[in-house]
Amino acid sequence: MTTKAKSEERPAHATKFEPKIETELAGVRFQNPVLTASGTFGYGKEFAHLMDLNKLGGIVVKGISAEPMEGNPPPRIYETDSGMLNAIGLQNVGAKRFLKEKLPFLRTLRARCVVNVFGYSTEDYVRCLETLNAGEGIAAYELNISCPNTRCGGMVYGNDPKLTEEVVAAAKKAARFPLFVKLSPNVTDIALMARVAEAAGADGLTLVNTFVGMAIDIETRTPRLSNVTGGLSGPAIKPVALRMVYQAARAVKIPIIGIGGIQSTEDALEFLIAGARAVEIGTANFYDPGTSLRIVEGVRKYCQRKQLHLSDLIGSLRLPEGTASHPTEY
Amino acid sequence: MYDEIVAVTENRPLTGGHFLLSVRSPRQAPAIRPGQFAMIRILGRSDVLLRRPMSVYDIKAGQEGRQKRASNSPEIIQFLYKVVGRGTRLMSELKPGDRVGLLAPLGHGFFEEEYLPRAHEADEILHVAGGIGIAALLLPAKRLKEAGFHQRLFFGGRTKDDLVGVADFRPLIRAMLLATENGSMGYRGFVTRPLEDYLRKHTEKRFLLMVCGPWGMLEASVALARRFGHPCLVSMENRMGCGLGVCLGCCIRVEGTGHEAYQRVCTEGPVFWADKVIWQKEGIPKTK
């Protein structure tokens with residue numbers, strides 16, 4: 226394996242190899258493949274005094290709905306081993322206030338702004354997109370059809386191929402900017418859902434959202450979250466998320482953004498090698514805000530060491546001979 | 570606000586599973602204002618991810634005896650905490666020289682530009698603490714002492730071992746009233762009983778209350794303040810994901826509608842005017 230790997234790398238005498246780590250997704254260029262995930266990075270400004278936001282590839286803002294949303298009653302979060310459960314319920318300022326109050330700052334950054342869009346019905350999604358279409362400086366949309374914490378909409382769409390097709394097709398028609406669709410991992414066949422979204426017009430896919438989970442306080446015998454269940458995120462979900470990205474990448478032609486428990490350069494590289502053209506950093510922003518920029522540098526150094534451009538790395542997974550062409554078949 | 574790795578200088582065990590943790594941060598210590606908090610991260614644990622929110626208990630100058638800079642600008646940040654779960658247990662195992670992640674200063678604390686008009690109208694400031702809630706009140710008490718206000722402390726715990734830090738308050742206040750649920754020190758029962766007696770006895774006086782403690786104790790104290798017509802500031806606690814205002818995990822119900830119905834304890838708080846908070850708990854069903 227090592228010798229094989231070396232033969233593909235550029236010769237070592239090519240000193241000062243400067244790898245190209247920019248990436249392109251559906252015609253949108255990102256200066257590097259590291260984005261911050263929706264719901265973990267606010268509207269960007271919250272982190273402005275902790276890091277140079279201009280060095281990020283992109284910022285995916287908190288899910289925006291057509292109208293402002295209240296969110297769920299507390300308790301909304303609970304820490305579990307190597308992960309956390311959340312049931313925030315998409316509390317947000319709504320599309321109009323986002324354009325007025327949040328977008329002007331995001332527009333000034335070199336990091337590209339991706340707006341995560343949420344709705345309770347297909348009409349809701351369309352209405353939200355129509356409002357956001359007026360925004361200057363939005364690079365792309367990320368359609369959230371996979372939030373596990375709202376009663377209707379959200380995951381209901383992401384779990385049903387017919388509804389996924391309906392909402393993606395309607396959103397694609399309404400969207401002025403490229404449309405990424407964020408898929409739910411709470412499905413039997415992720416490749417099928419990926420293909421459905423692609424066929425319905427998605428320009429790209431983000432996967433995965435959180436896994437539905439639960440925790441119970443045994444003293445009071447009550448759920449730890451007021452919503453009873455919540456979305457599990459963090460390093461605990463990484464191997465499963467990685468497997469799903471691998472499967473989806475083999476099932477569709479559109480670009481994939483990989484997300485799920487990434488907290489190190491090595492984690493990010495695994496997703497890129499599995500076929501993701503970019504990655505999103507989520508829960509790690511909460512406990513270690515420096516993670517994203519460390520990964521940007523880490524990916525650059527790795528590419529330098531391997532004498533590879535990012536584009537050579539993406540999807541470069543070497544499978545044992547005879548691996549099933551349909552990775553969903555175990 | 571800074572995010573840095575800092576060294577533990579001391580982690581002193583106190584009674585009842587309480588500890589006083591000291592860390593050195595010449596950058597963060599001078600920036601901390603009363604009522605603010607820090608997010609502490611235990612390093613090197615892949616199972617315990619999230620930082621833990623901790624009230625800043627006190628700020629101290631650098632260690633004496635060392636040939637340090639001439640200035641006596643504060644360098645040491647102290648946290649008074651009780652071991653209640655996995656995160657605080659790991660904190661209790663920290664030794665001098667160990668490193669922790671420290672994100673501070675955070676939150677909207679006891680800011681004098683907001684409470685001074687009310688403090689000047691008051692005859693006395695009443696601090697009301699339940700258990701480890703005491704940790705949020707030392708810095709405001711120090712600031713108020715410097716400004717010449719009369720202060721009184723009502724402090725309750727389950728047992729006398731919970732009444733930590735009393736000596737630090739003594740030079741700052743006129744009098745303190747202690748209460749324990751098992752009667753091992755001071756009044757037997759909840760601290761809100763002696764508070765109620767005091768308020769009833771002095772209806773002619775005006776007070777400003779500053780309260781920190783568990784939810785039930787906050788609720789009872791706020792109800793008393795309202796009944797006797799005194800302004801009241803509360804320092805709230807909640808589980809937090811980030812401390813930065815982005816995860817929205819620590820929100821509490823406040824007066825308002827739409828996306829303003831919930832506010833973040835980490836950003837709009839932890840200190841709120843009591844009448845802003847909706848005290849009726851939702852979500853979790855009542856246990857028997």
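Line order of the protein sequences matches chains A and B.
Position in the first sequence counted from 1, then plus 225, gives you this note's numbering.
Position in the second sequence counted from 1, then plus 569, gives you this note's numbering.
From the three backbone atoms N, C-alpha and C, an ideal C-beta is built for every residue, glycine too.
Let me confirm a value: Gln605 of chain B is counted as buried when at least 16 other C-beta atoms fall within 10 Å, else exposed. Which label applies? If you number the second sequence from 1, residue 605 of chain B lands on position 36. Counting Cβ neighbours within 10 Å, Gln605 of chain B comes out buried, since at least 16 surround it.
Who are Ile284 of chain A's beta bridge partners in DSSP? Here the question's residue 284 of chain A lines up with position 59 in the first sequence. Looking at the DSSP assignment, Ile284 of chain A forms a beta bridge with A:Thr261 and A:Cys338.
What does the alpha-carbon distance come out to for the pair Gly367 of chain A and Pro403 of chain A? Looking up residue 367 of chain A in the first sequence gives position 142. Looking up residue 403 of chain A in the first sequence gives position 178. It is worth fixing the name first, because residue 367 of chain A is Glu in this sequence and not Gly. Each residue's Cα considered, the two are about 9 Å apart.
With 9 Å set as the bound, which would you pick, yes or no: does the beta-carbon of His828 of chain B sit closer than that to a beta-carbon of chain A? Along the second sequence, one-based indexing puts residue 828 of chain B at 259. At least one chain A Cβ lies under 9 Å of His828 of chain B.
For the ligand MG, is there any heavy atom lying closer than 8 Å to the beta carbon of Lys478 of chain A? Only the bare structure without any ligand can be found here, which leaves the ligand MG out of the picture.
Where does Ser642 of chain B land, buried or exposed, given buried means 16+ other C-beta within 10 angstroms? Here residue 642 of chain B is taken as the residue at index 73 of the second sequence, counted from 1. Around the beta carbon of Ser642 of chain B, a 10 Å sphere encloses fewer than 16 other beta carbons of the protein chains shown; the residue is thus reported as exposed.
What are the start and end residues of the beta strand (DSSP E) that includes Arg796 of chain B? By one-based count along the second sequence, residue 796 of chain B stands at place 227. Counting along the chain, Arg796 of chain B falls outside any beta strand (DSSP E), though it belongs to the alpha helix (DSSP H) covering Trp784 to Phe797.
Since Arg721 of chain B sits in a beta bridge, which residues does DSSP pair it with? Working through the second sequence from its first residue, we reach residue 721 of chain B at position 152. Per DSSP, B:Leu695 and B:Ala744.
Could you tell me whether the Cβ of Ala596 of chain B comes closer than 9 Å to any Cβ of chain A? Here residue 596 of chain B is taken as the residue at index 27 of the second sequence, counted from 1. Contrary to the premise, residue 596 of chain B reads as Arg rather than Ala in this sequence. So, not an interface residue.
Span of the alpha helix (DSSP H) around Leu494 of chain A: By 1-based counting over the first sequence, the position of residue 494 of chain A is 269. Taken as a continuous stretch (DSSP letters only), the alpha helix (DSSP H) holding Leu494 of chain A covers Thr490 to Ala499.
Contact set between Leu275 of chain A and chain B, taken where Cβ atoms lie within less than 9 Å: Against the first sequence, residue 275 of chain A aligns to sequence position 50. Result: Met570, Tyr571, Asp572, Leu672 and Leu813.
In chain order, what residues of the same chain have a beta carbon less than 8 Å from the beta carbon of Ala474 of chain A, not counting five sequence neighbours either side? Working through the first sequence from its first residue, we reach residue 474 of chain A at position 249. Cβ within range, chain order: Ile481, Ala499, Gly500, Ala501 and Gly540.
Between the Cα of Phe763 of chain B and those of B:Phe724, B:Pro740, B:Leu732 and B:Phe776, spot the shortest distance and give me the residue it belongs to. The sequence position of residue 763 of chain B within the second sequence is 194, counting from 1. The question names Phe, yet the displayed sequence has Pro at residue 763 of chain B. For the residues B:Phe724, B:Pro740, B:Leu732 and B:Phe776, the minimum Cα distance to Pro763 of chain B belongs to B:Phe724.
Among the residues of its own chain, which have a CB less than 6 Å from the CB of Gly264 of chain A, if the five just before and after it don't count? Counted from its first residue, the first sequence places residue 264 of chain A at position 39. Around Gly264 of chain A: Lys287.
Contact defined as beta carbons within less than 8 Å: I believe Glu693 of chain B pairs with Phe588 of chain B. What is the distance between those atoms, to the nearest angstrom? The residue you call residue 693 of chain B lines up with position 124 of the second sequence. The residue you call residue 588 of chain B lines up with position 19 of the second sequence. Contact between Glu693 of chain B and Phe588 of chain B does not hold, since their C-beta atoms are separated by about 31 Å, which reaches or exceeds 8 Å.
Answer yes or no: does any C-beta atom of chain A fall closer than 9 Å to that of Met623 of chain B? Numbered from 1 along the second sequence, position 54 holds the residue referred to as residue 623 of chain B. No, because no Cβ of chain A sits closer than 9 Å to the Cβ of Met623 of chain B.
What is the rounded straight-line gap between the Cα of Asn580 of chain B and the Cα of Val669 of chain B? Counting from one through the second sequence, the residue named residue 580 of chain B turns up at place 11. Counting from one through the second sequence, the residue named residue 669 of chain B turns up at place 100. Taking the CA atoms as reference points, Asn580 of chain B sits about 12 Å from Val669 of chain B.
Beta strand (DSSP E) containing Phe588 of chain B: first to last residue? Within the second sequence, the letter at position 19 stands for residue 588 of chain B. Counting along the chain, the beta strand (DSSP E) containing Phe588 of chain B begins and ends at His587 to Arg593.
Ile611 of chain B versus Ile443 of chain A - alpha carbon distance: Walking along the second sequence from the start, residue 611 of chain B turns up at place 42. Walking along the first sequence from the start, residue 443 of chain A turns up at place 218. In this structure, the CA atom of Ile611 of chain B is about 26 Å from the CA atom of Ile443 of chain A.
Take Thr578 of chain B and list the residues in its own chain whose beta-carbon comes closer than 8 Å to its own, dropping the five residues that flank it on each side. On the second sequence, residue 578 of chain B is found 9 positions in, with the first residue counted as 1. Same-chain partners within the cutoff: Ser591, Val592, Arg593, Gln632, Ile645 and Pro665.
Can you confirm whether Met309 of chain A, when its beta carbon is compared against all beta carbons of chain B, has any partner nearer than 9 Å? Reading the first sequence from its first residue, position 84 is the one you call residue 309 of chain A. Chain B, which has a Cβ nearer than 9 Å to the Cβ of Met309 of chain A, makes this yes.
Rank A:Gly362, A:Cys372, A:Ala359 and A:Met309 by C-alpha distance to the C-alpha of Tyr345 of chain A and give the top, closest one. For the purposes of this step, residue 345 of chain A is taken as the residue at position 120 of the first sequence. With distances taken between Cα atoms, Tyr345 of chain A lies closest to A:Cys372.
Does DSSP put Ile628 of chain B in a helix, a strand or coil? Taking the first residue of the second sequence as 1, we reach residue 628 of chain B at position 59. Ile628 of chain B falls in the strand class under three-state DSSP.
CA-to-CA distance, Gly459 of chain A to Val437 of chain A, given in whole angstroms: Position 212 of the first sequence, counting from 1, holds the residue named residue 437 of chain A. Position 234 of the first sequence, counting from 1, holds the residue named residue 459 of chain A. Rounded to whole angstroms, Val437 of chain A to Gly459 of chain A spans 13 Å at the Cα level.
Using the Cβ count rule (16 or more neighbours within 10 Å means buried), how would you classify Arg796 of chain B? Here residue 796 of chain B refers to the residue found at position 227 when the second sequence is read from its first residue. Under this definition Arg796 of chain B is an exposed residue.
Taking 8 Å as the cut-off, does the region 379-390 of chain A touch the region 353-366 of chain A (at least 3 CB pairs, one atom from each stretch)? Below 8 Å, too few C-beta pairs join the region 353-366 of chain A and the region 379-390 of chain A to call them touching: fewer than three.
Start-to-end residues for the alpha helix (DSSP H) that takes in Met418 of chain A: Taking the first sequence and counting its residues from 1, one reaches residue 418 of chain A at position 193. Element bounds for Met418 of chain A: Ile415 to Ala424.
Sequence-distant residues of the same chain with beta carbon closer than 6 Å to Arg401 of chain A, five excluded per side: As a working note, residue 401 of chain A is residue 176 in the first sequence. Excluding positions up to five away in sequence, the list reads Asn358.
Would you please verify whether the beta carbon of Asp349 of chain A is less than 9 Å from any beta carbon of chain B? As a first step, residue 349 of chain A is located in the first sequence; it is residue number 124 there, counting from the start. Residue contact check for Asp349 of chain A against chain B: no CB pair falls below 9 Å.
Could you tell me the boundaries of the beta strand (DSSP E) in which Arg865 of chain B lies? The requested residue 865 of chain B does not occur in the structure, where chain B is confined to residues 570 to 857.
Val318 of chain A CB to nearest chain B CB: under 9 Å? For the purposes of this step, residue 318 of chain A is taken as residue 93 along the first sequence, with counting starting at 1. Answer yes: the Cβ-Cβ gap between Val318 of chain A and chain B drops below 9 Å somewhere.
Report the neighbours of Tyr512 of chain A on chain B: residues whose CB is nearer than 7 Å to its CB, in chain order. Translated into positions along the first sequence, residue 512 of chain A becomes position 287. For Tyr512 of chain A, the C-beta contacts it makes with chain B under 7 Å involve Arg610, Leu618, Leu619 and Arg620, in order along the chain.
Expressed to the nearest angstrom, what Euclidean distance is found between the alpha-carbon atoms of Met754 of chain B and Leu747 of chain B? The sequence position of residue 754 of chain B within the second sequence is 185, counting from 1. The sequence position of residue 747 of chain B within the second sequence is 178, counting from 1. The straight-line gap from Cα to Cα measures roughly 7 Å.
Compute the Euclidean distance between the alpha carbons of Pro674 of chain B and Gly656 of chain B, then round it to the nearest angstrom. Mapped onto the second sequence, residue 674 of chain B falls at position 105. Mapped onto the second sequence, residue 656 of chain B falls at position 87. If you draw a straight line from the Cα of Pro674 of chain B to the Cα of Gly656 of chain B, it is about 20 Å long.
In chain order, what residues of the same chain have a beta carbon less than 7 Å from the beta carbon of Lys629 of chain B, not counting five sequence neighbours either side? Here residue 629 of chain B corresponds to residue number 60 of the second sequence, with the count starting at 1. For Lys629 of chain B, where only same-chain residues beyond five positions count, the Cβ hits under 7 Å are Pro643, Ile645 and Gln647.
Measuring only the C-alpha atoms, how far is Gly782 of chain B from Val253 of chain A? Along the second sequence, read from residue 1 onward, the residue named residue 782 of chain B stands at position 213. Along the first sequence, read from residue 1 onward, the residue named residue 253 of chain A stands at position 28. One Cα belongs to Gly782 of chain B, the other to Val253 of chain A, and the distance between them is close to 51 Å.
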